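Residues 378 to 757 (our numbering) make up the sequence shown, in order.
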Amino acid sequence: MKATFMLGRLAGIRVGVHWSVLVILVLLAVGLATRFPEAYPDHPAWLYALSGLAASVVFLLSLLAHELSHAVVARRNGVSVEDITLWLLGGIARLKSEAPTPGAEVRIAGVGPLVSLLLGLAFGFLAGLLASVFGAGLLVEVLAWLAAINILLAVFNVLPAAPLDGGRLLRALVWRRTGNPLRATAVAAGAGRALGWLLVAVGVYLAIAGAALSGIWLAIVGWFLIAMATAEGGEAKLRELLGGIAVRQAMGPDPVAAPVSASVAEFLASPAYRYRHSAFPVVDDEERPVGLVTVKAAADVPEDRRAATGLSAVMVPLEDVPTAHPDDDLVQLLPALESSSVHRALVLDQGRLVGIVTSSDISRITSWLSSSYSWRGRAF
Ligand SMILES: [Zn+2]
Numbered sequence: 378m379k380a381t382f383m384l385g386r387l388a389g390i391r392v393g394v395h396w397s398v399l400v401i402l403v404l405l406a407v408g409l410a411t412r413f414p415e416a417y418p419d420h421p422a423w424l425y426a427l428s429g430l431a432a433s434v435v436f437l438l439s440l441l442a443h444e445l446s447h448a449v450v451a452r453r454n455g456v457s458v459e460d461i462t463l464w465l466l467g468g469i470a471r472l473k474s475e476a477p478t479p480g481a482e483v484r485i486a487g488v489g490p491l492v493s494l495l496l497g498l499a500f501g502f503l504a505g506l507l508a509s510v511f512g513a514g515l516l517v518e519v520l521a522w523l524a525a526i527n528i529l530l531a532v533f534n535v536l537p538a539a540p541l542d543g544g545r546l547l548r549a550l551v552w553r554r555t556g557n558p559l560r561a562t563a564v565a566a567g568a569g570r571a572l573g574w575l576l577v578a579v580g581v582y583l584a585i586a587g588a589a590l591s592g593i594w595l596a597i598v599g600w601f602l603i604a605m606a607t608a609e610g611g612e613a614k615l616r617e618l619l620g621g622i623a624v625r626q627a628m629g630p631d632p633v634a635a636p637v638s639a640s641v642a643e644f645l646a647s648p649a650y651r652y653r654h655s656a657f658p659v660v661d662d663e664e665r666p667v668g669l670v671t672v673k674a675a676a677d678v679p680e681d682r683r684a685a686t687g688l689s690a691v692m693v694p695l696e697d698v699p700t701a702h703p704d705d706d707l708v709q710l711l712p713a714l715e716s717s718s719v720h721r722a723l724v725l726d727q728g729r730l731v732g733i734v735t736s737s738d739i740s741r742i743t744s745w746l747s748s749s750y751s752w753r754g755r756a757f
């Protein structure tokens with residue numbers, strides 16, 4: 378889920394929005410605005426519309442608070458955070474690595490539903506307070522809805538199934554019991570698929586029984602749960618396969634690098650860079666890596682400007698390129714490689730470029746390993 382546009386940074390964490398969040402915003406705002414007049418008639422139409430919009434915006438902010446709490450606690454537990462994206466089914470806080478211990482996993486996963494629950498209680502308290510002072514009204518209705526939806530969010534999220542927060546809690550529990558994080562992921566992923574199918578079944582039943590919109594919605598949520606749980610399970614298998622392999626064994630050594638002083642025209646014209654790869658490390662005068670340039674980014678520069686444009690203008694700077702040490706575990710590089718737009722990592726040893734690892738290097742290794750795995754399985 379890539380953000381369509383970035384909102385900015387909160388507590389140092391990048392926050393983005395996927396276009397599908399607009400679907401939620403509009404559905405909720407319209408749904409609420411058409412429901413309010415029944416309960417509280419005799420207000421102007423714009424007030425209903427405004428109330429519906431305000432309620433759904435505050436709901437999205439509550440979602441953001443939920444995700445932000447995951448991100449902040451993750452960082453406090455030594456897990457760095459890629460970014461937060463709000464989308465169709467809520468929010469995703471992407472972490473750069475796994476939680477180091479079951480305890481950290483519990484803290485990172487548990488704080489989100491806790492924040493939603495507290496927000497729900499706070500909105501509920503405000504609604505009750507206003508109702509007792511001024512009596513029932515549109516504002517009380519909005520606050521009561523916000524209370525209910527946040528508490529619902531907290532409850533849904535603690536269902537013990539990946540990729541929900543409850544799935545992470547279940548994973549932490551199995552991890553602590555068995556000492557095996559991969560087995561724990563497999564259990565949580567299995568539960569996620571089961572819950573997903575259950576939601577699809579209930580959704581189809583509701584749709585047939587006449588509640589078409591809620592039914593379809595539930596089925597979509599279920600479908601996403603199945604897909605995401607399956608992806609998490611697959612990732613666990615990948616980690617198991619790659620366990621114990623060092624970056625050194627997977628990297629292409631001594632990659633051809635382009636000098637940062639070169640122009641885009643020189644880079645594109647040189648046969649050294651032209652055919653062999655789709656991206657090259659960029660180094661400074663002292664052969665220190667400063668970034669990575671893709672042939673595509675260079676070729677996107679209009680032809681009449683290529684001679685005057687330096688590589689530094691089109692390269693991805695080093696801080697945005699995943700990097701690793703030759704002795705690092707390959708597995709630890711996976712999250713950064715997956716979320717990186719360049720699909721490559723530079724391997725550095727004491728600041729010097731010694732190799733490059735691409736996503737396709739890794740898939741080649743895994744397919745080789747998984748074939749030898751199944752061979753062993755059959756032979757013994
Ligand atoms: Zn959460």
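Heads up, the beta-carbon is just placed ideally off N, CA and C, and yes, glycines get one too.
All figures in this text were calculated on a predicted structure; none of them were measured in a lab.
Using DSSP with H/G/I as helix, E/B as strand and the rest coil, what is V659?
DSSP places V659 in strand when its eight states are reduced to three.
As assigned by DSSP and simplified to three states, the class of D726
The answer is strand: DSSP assigns D726 an E or B state.
Member of A426, P632, A508 and S718 whose CA lies at the smallest distance from the CA of A406
Nearest of A426, P632, A508 and S718 to A406, Cα basis: A426.
Cβ-heavy atom distance between A565 and ligand 1 below 8 Å?
No; taking the cut-off as 8 Å, the Cβ of A565 has no heavy atom of ligand 1 nearer than that.
State the start and end residues of the unbroken alpha helix (DSSP H) segment that holds E475.
Taken as a continuous stretch (DSSP letters only), E475 belongs to no alpha helix (DSSP H), as it is neither H nor E.
Selection from G505, L399 and L602 that minimises the alpha carbon distance to G567
Closest by alpha carbon: L602.
Integer-rounded CB distance, given that S493 should sit under 8 Å from L546:
Actually they do not touch by this definition, with Cβ atoms about 14 Å apart.
Same chain, Cβ closer than 6 Å to P712, neighbours up to 5 away in sequence not counted
Within the same chain, P712 has close Cβ partners K473 and S474.
Test item: CB-CB of A486 and H443 under 9 Å
Taking the C-beta atoms as reference points, H443 is found no nearer than 9 Å to A486.
Under a three-way DSSP split, which group does R721 fall into?
Assigned with DSSP and collapsed to three states, R721 falls in strand.
Any heavy atom of ligand 1 within a distance shorter than 8 Å of the CB on D542?
Yes, since a heavy atom of ligand 1 falls inside the 8 Å radius drawn around the Cβ of D542.
Taking contact to mean 3 or more Cβ pairs, one atom from each stretch, closer than 8 Å, check whether the stretch 453-469 and the stretch 396-406 are in contact.
By the Cβ rule, the stretch 453-469 counts as touching the stretch 396-406, because three or more pairs are nearer than 8 Å.
As a quick exercise: from S647, P636 and L710, pick the residue whose alpha carbon is nearest that of G620.
Ranking S647, P636 and L710 by Cα distance to G620 puts L710 first.
Given a cut-off of 9 Å, decide if E518 and A623 are closer than it, judged by their beta-carbon atoms.
It is not a contact, given that the beta carbons lie outside the stated cut-off.
So is the beta-carbon of P537 under 8 Å away from any non-hydrogen atom of ligand 1?
Remark: the C-beta of P537 is outside contact range of ligand 1, defined as less than 8 Å to any heavy atom.
Does R386 come out as helix, strand or coil in the three-state DSSP assignment?
If DSSP states are grouped into helix, strand and coil, R386 belongs with the strands.
DSSP beta-bridge partners of W464
Looking at the DSSP assignment, W464 forms a beta bridge with G467.
Neighbourhood of A504 by C-beta, 7 Å cutoff - its chain only, sequence neighbours within 5 removed
Same-chain partners within the cutoff: V517, L520, A521 and A524.
Give a single yes or no on whether E444 has its beta carbon closer than 8 Å to a heavy atom of ligand 1.
Yes, since a heavy atom of ligand 1 falls inside the 8 Å radius drawn around the Cβ of E444.
Looking at the secondary structure, which residues open and close the alpha helix (DSSP H) in which V551 lies?
For V551, the enclosing alpha helix (DSSP H) covers residues D542 to T555.
When DSSP labels each residue in this structure, what does F757 get in the three-state scheme?
Low confidence applies here, because F757 scores a pLDDT of 28, under 50, leaving its location unreliable; read the following figure in that light. Of the three classes helix, strand and coil, the one that applies to F757 here is coil, per DSSP.
Could you tell me whether any non-hydrogen atom of ligand 2 is closer than 8 Å to the CB of L541?
Judged by which ligands are present, ligand 2 is missing from the structure shown, whose ligands are ligand 1.
Using only the alpha-carbon positions, how far apart do L695 and L669 sit?
Cα to Cα, the separation comes out at about 7 Å.
Run through the DSSP bridge pairs and tell me what D706 is partnered with.
DSSP lists A623 as partners of D706.
What is the residue span of the beta strand (DSSP E) that T671 lies within?
Where T671 is concerned, the enclosing beta strand (DSSP E) stretches over P666 to T671.
Suppose the cutoff is 6 Å on Cβ atoms and the five residues either side in sequence are ignored; what does the same chain contact list for L576 look like?
In its chain, beyond the 5 residues on either side, L595, V598 and G599 have a beta carbon closer than 6 Å to the beta carbon of L576.
Would you mind working out which of R616, E459, D697 and I733 sits nearest G389, comparing C-alpha positions?
The option with the nearest alpha carbon to G389 is E459.
In angstroms with no decimal places, state the Cα-to-Cα distance between G754 and N557.
Here the model assigns G754 a pLDDT of 29, short of 50, so the residue's position is not dependable, and the following value carries that caveat. The straight-line gap from Cα to Cα measures roughly 21 Å.
Can you look up T735 in the DSSP assignment and give me helix, strand or coil?
Three-state DSSP puts T735 in a strand.
For L409, which option in G573, S638, S439 and L515 has the closest C-alpha, if you only look at C-alpha atoms?
Comparing Cα-Cα distances from L409 to each of G573, S638, S439 and L515, the minimum goes to L515.
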